[in-house]
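As you go down the protein sequences, you meet chains L and S in turn.
Those letters in the first sequence? Residues 9 to 221, by my numbering.
Those letters in the second sequence? Residues 9 to 221, by my numbering.
In what follows, a single structure is set out as structure tokens and then discussed.
Number of protein chains: 2
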Amino acid sequence: MSQLASDLAFMSTPREQSARDLLLEAASQLMCERETLAVSLSDIAGRAGLNSALVKYYFGGKTGLQYALIERDLSDSLRQLRGLLTMDLSPAKKLRLSIGGIMRVYFRYPYINQLMMATMRDGTEEMRRAIADNFLQPLYETYAQLIREGVEAGEFQAVDPKVFYFNVVGACDQIYSARYVYKYVHGEDGFTEESQRVYTQQVTRQLMDGLAG
Amino acid sequence: MSQLASDLAFMSTPREQSARDLLLEAASQLMCERETLAVSLSDIAGRAGLNSALVKYYFGGKTGLQYALIERDLSDSLRQLRGLLTMDLSPAKKLRLSIGGIMRVYFRYPYINQLMMATMRDGTEEMRRAIADNFLQPLYETYAQLIREGVEAGEFQAVDPKVFYFNVVGACDQIYSARYVYKYVHGEDGFTEESQRVYTQQVTRQLMDGLAG
Numbered sequence: 009m010s011q012l013a014s015d016l017a018f019m020s021t022p023r024e025q026s027a028r029d030l031l032l033e034a035a036s037q038l039m040c041e042r043e044t045l046a047v048s049l050s051d052i053a054g055r056a057g058l059n060s061a062l063v064k065y066y067f068g069g070k071t072g073l074q075y076a077l078i079e080r081d082l083s084d085s086l087r088q089l090r091g092l093l094t095m096d097l098s099p100a101k102k103l104r105l106s107i108g109g110i111m112r113v114y115f116r117y118p119y120i121n122q123l124m125m126a127t128m129r130d131g132t133e134e135m136r137r138a139i140a141d142n143f144l145q146p147l148y149e150t151y152a153q154l155i156r157e158g159v160e161a162g163e164f165q166a167v168d169p170k171v172f173y174f175n176v177v178g179a180c181d182q183i184y185s186a187r188y189v190y191k192y193v194h195g196e197d198g199f200t201e202e203s204q205r206v207y208t209q210q211v212t213r214q215l216m217d218g219l220a221g
Numbered sequence: 009m010s011q012l013a014s015d016l017a018f019m020s021t022p023r024e025q026s027a028r029d030l031l032l033e034a035a036s037q038l039m040c041e042r043e044t045l046a047v048s049l050s051d052i053a054g055r056a057g058l059n060s061a062l063v064k065y066y067f068g069g070k071t072g073l074q075y076a077l078i079e080r081d082l083s084d085s086l087r088q089l090r091g092l093l094t095m096d097l098s099p100a101k102k103l104r105l106s107i108g109g110i111m112r113v114y115f116r117y118p119y120i121n122q123l124m125m126a127t128m129r130d131g132t133e134e135m136r137r138a139i140a141d142n143f144l145q146p147l148y149e150t151y152a153q154l155i156r157e158g159v160e161a162g163e164f165q166a167v168d169p170k171v172f173y174f175n176v177v178g179a180c181d182q183i184y185s186a187r188y189v190y191k192y193v194h195g196e197d198g199f200t201e202e203s204q205r206v207y208t209q210q211v212t213r214q215l216m217d218g219l220a221g
């Protein structure tokens, strides 16, 4: 973990944690509801029932809050994904589980890829490195390793793991815009629990079939 | 075409067309360079060397300009895609060409999917309908028909065309964020001409292999 990331993770004591958490949850809710990252600090503080000066106090500003939100949304799932690697399952089974896991993150936080990219775009070079090292690289490495294992086991054809990663993230990230397509093209109400299940199943199947070749 | 779309398309005379085109090109360039849709009307007018009152005159405002930019960026490619449907080629060949075609649009205008979704989010109900009817629906229908043809010809397994569409657009839309992943995860300089070719080839192969099942 970079110095920046550990500073952000450990700067808060337990009592402070709860105001910090409230602000992150408020930011997450507003980004979901308004379907945009452009949410003001005062709106976030207002939703959390806290003074907006606290955002500055806990996170240093908007980009710091965004970084902390990425960390909140991804850390547990990334740990679980990395844990998958050590399990005694076939590469195909592990890859299938990992795609399901990452899709659950996107159904819950549809803004997550856009949030990472906007924070890299607007952040300092140190912030960019922290996002790449702590989130993008481990996620990519998980897929690269699963594909290596599957190729070695003769289960997958040798695809470019970089491109496979983009295909997985691409399918996940479409969840953000899919609601409009469902509503205005298919005349359906966005994602229901059932259509989330179908989407995950079909995306996973198409990605896995593409690997089987 | 909706009333709104034809109004927007035909409201300008040939002499006016060139100032209108300059504004659209300026908006497109700034969205590419700054990697965000959040470009002010005065910056757009400034880049075009024109008075920002002209944006209001030609497009009615920011959302109208965004709609006109979507139309400029997509109309020719959509026509070509629809033309593919009538060609005497195998469904697999047509689908492969169509994926290459849509990826070229995204390499040129990486903001295009985000622009459509933001314009739907911020626009009137009429604007949402116009975007869905004139761009999203024809694109989806092209893929749905190509998949139907391929399934009938026994070339593809019966996948859900809605999900296939999301996989294609997802892989295209990742071009927008891929530059950071290339730079900060893989230590490479974004997309070169060569890596665009490889990306298109591999994405197409993975999508087509997923259909072959």
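A virtual CB, placed ideally from N, CA and C, is assigned to each residue, including glycine.
Separation of residue j from residue i, as counted between CA atoms
i, j, result
"residue 70 of chain S", "residue 114 of chain L", "29 Å"
"residue 206 of chain S", "residue 182 of chain S", "15 Å"
"residue 167 of chain L", "residue 213 of chain S", "9 Å"
"residue 51 of chain L", "residue 30 of chain L", "13 Å"
"residue 163 of chain S", "residue 217 of chain L", "14 Å"
"residue 134 of chain S", "residue 193 of chain S", "42 Å"
"residue 46 of chain L", "residue 60 of chain L", "16 Å"
"residue 173 of chain L", "residue 148 of chain L", "6 Å"
"residue 160 of chain S", "residue 92 of chain S", "18 Å"
"residue 186 of chain S", "residue 120 of chain S", "15 Å"
"residue 154 of chain S", "residue 99 of chain S", "6 Å"
"residue 158 of chain S", "residue 208 of chain S", "21 Å"
"residue 72 of chain L", "residue 34 of chain L", "15 Å"
"residue 2 of chain L", "residue 48 of chain L", "The question about residue 2 of chain L has no answer, for chain L in this structure spans 9 to 221."
"residue 219 of chain S", "residue 156 of chain S", "12 Å"
"residue 38 of chain S", "residue 104 of chain S", "31 Å"
"residue 44 of chain S", "residue 165 of chain S", "38 Å"
"residue 109 of chain S", "residue 64 of chain S", "33 Å"
"residue 76 of chain L", "residue 75 of chain S", "35 Å"
"residue 56 of chain S", "residue 82 of chain L", "42 Å"
Cutoff 8 Å; reference residue i; Cβ partners in own chain excluding five residues on either side
i, result
"residue 190 of chain S", "196, 197, 198, 199 and 203"
"residue 95 of chain S", "102"
"residue 124 of chain L", "78, 139, 143 and 144"
"residue 20 of chain L", "Per-residue confidence for residue 20 of chain L stands at a pLDDT of 48, beneath the threshold of 50, marking its modelled position as unreliable; the derived number appears in the next sentence. The answer, listed in chain order, is 28 and 66."
"residue 90 of chain L", "146 and 150"
"residue 106 of chain S", "89, 92, 150, 151 and 154"
Chain S contact residues for residue i, given Cβ-Cβ distances below 8 Å
i, result
"residue 137 of chain L", "192"
"residue 204 of chain L", "Per Cβ cutoff of 8 Å: no residues; residue 204 of chain L is ~12 Å from chain S at best."
DSSP state of residue i mapped onto helix, strand, coil
i, result
"residue 60 of chain S", "coil"
"residue 85 of chain L", "helix"
"residue 108 of chain S", "helix"
"residue 114 of chain S", "helix"
"residue 47 of chain S", "coil"
"residue 27 of chain S", "helix"
"residue 98 of chain S", "coil"
"residue 75 of chain L", "helix"
"residue 66 of chain L", "helix"
"residue 131 of chain L", "coil"
Under 7 Å by beta carbon: chain B residues contacting residue i
i, result
"residue 43 of chain S", "Absent from the structure: chain B. Protein chains present are L and S."
Cross-chain neighbours of residue i in chain L, by beta carbon under 7 Å
i, result
"residue 37 of chain S", "Within chain L, no residue comes near residue 37 of chain S; the closest Cβ sits about 17 Å away, beyond 7 Å."
"residue 164 of chain S", "Within 7 Å Cβ-Cβ: nothing; residue 164 of chain S doesn't reach chain L, min ~10 Å."
"residue 210 of chain S", "167, 168 and 171"
"residue 179 of chain S", "174, 175 and 178"
Under 9 Å from the C-beta of residue i: neighbouring residues of chain L
i, result
"residue 140 of chain S", "188, 189, 191, 192 and 193"
"residue 148 of chain S", "189, 193 and 194"
Beta-carbon contacts of residue i that lie in its chain and below 7 Å, excluding the five residues immediately before and after
i, result
"residue 62 of chain S", "27, 31 and 53"
"residue 10 of chain S", "With a pLDDT of only 48 at residue 10 of chain S, under the threshold of 50, the placement of this residue in the model should not be trusted, and no figure is reported."
"residue 58 of chain L", "27, 30 and 31"
"residue 177 of chain L", "121"
Where residue i meets chain S, residues with beta-carbon distance less than 7 Å
i, result
"residue 215 of chain L", "218"
"residue 185 of chain L", "121 and 125"
"residue 66 of chain L", "Those within 7 Å of residue 66 of chain L in chain S number zero; the least Cβ separation is about 25 Å."
"residue 74 of chain L", "In chain order: nothing, as chain S lies at least about 14 Å away."
"residue 153 of chain L", "The contacting residues do not exist; residue 153 of chain L stays about 14 Å from chain S at best."
Spatial neighbours of residue i in its chain, beta-carbon cut-off 6 Å, leaving aside the 5 residues before and after
i, result
"residue 211 of chain L", "179"
"residue 128 of chain L", "136 and 139"
"residue 14 of chain S", "Residue placement at residue 14 of chain S is flagged as unreliable, the pLDDT there being 46, under the threshold of 50; the coordinate-derived value follows with that caveat. Around residue 14 of chain S: no qualifying Cβ."
"residue 87 of chain L", "none"
"residue 184 of chain S", "118"
"residue 111 of chain L", "180 and 208"
Where residue i meets chain S, residues with beta-carbon distance less than 9 Å
i, result
"residue 144 of chain L", "188, 189, 192 and 193"
"residue 207 of chain L", "168, 170, 171 and 174"
"residue 88 of chain L", "Near residue 88 of chain L there are no residues of chain S at all, since even the closest Cβ is about 20 Å away, more than 9 Å."
* beta strand (DSSP E) runs contained entirely in the region 143–208 of chain S, provided each spans 3 or more residues -> none
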